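Enquirer: Start counting the sequence shown at 782; every next residue gets the next number (the working numbering).
The beta carbon of each residue, even a glycine, is placed where N, CA and C say it ideally should be.
Values in this document were obtained by computation on a predicted structure and should not be read as measured data.
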Amino acid sequence: MTSWLHDVAYVLGGGLLINAIPHLVAGLMGTPFRTPFSRMAGRPHSPGPVNVLWAALNLILAWALIARVGAFDPRSAEDALAVAAGGLLAGLHLARRSSRVD
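As structure tokens, then:
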């Protein structure tokens, strides 16, 4: 049984895990892709290395939320569903936003 704070951490962690995927793929392919840093620099996209670093930060934060804030138990359906729900919500948001912008 987890507390609601753990569930929130799992949902946010799942969202960060999903967000890391397109940035890591784009970065490894050397393809420019949007990051928060591109907006600050006044450019539409960030170069590949920035995307790899952004993906790494997303993965570190996801790990911190899932493994450190919460006490994730992979055998717990509730924990797994919370992470999956965060990933699904983030994935749907990213898909809708990417199709609208690009």
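Thinking P813 and P803 are a contact (beta carbons under 8 Å), I'd like their distance in whole angstroms, please.
Expert: For the purposes of this step, residue 813 is taken as the residue at position 32 of the sequence shown. For the purposes of this step, residue 803 is taken as the residue at position 22 of the sequence shown. The Cβ separation is near 12 Å, so there is no contact.
Enquirer: For V836 and G811, what's the separation of their Cα atoms in angstroms?
Expert: Within the sequence shown, the letter at position 55 stands for residue 836. Within the sequence shown, the letter at position 30 stands for residue 811. Correcting the residue identity first, residue 836 is Ala in this sequence and not Val. Each residue's Cα considered, the two are about 13 Å apart.
Enquirer: Roughly how many whole angstroms lie between the Cα atoms of R824 and A866?
Expert: As a first step, residue 824 must be located in the sequence shown, where it is residue number 43. As a first step, residue 866 must be located in the sequence shown, where it is residue number 85. Cα-Cα distance, rounded: 32 Å.
Enquirer: Assuming P825 is part of the alpha helix (DSSP H), what are its boundary residues?
Expert: In the sequence shown, the residue the question calls residue 825 occupies position 44. Counting along the chain, P825 falls outside any alpha helix (DSSP H), and DSSP gives it neither H nor E.
Enquirer: Would you mind listing the alpha helix (DSSP H) stretches within the stretch 784-817 that are 4+ residues and don't spill past its ends, in chain order?
Expert: List check, alpha helix (DSSP H) in window: 785-810.
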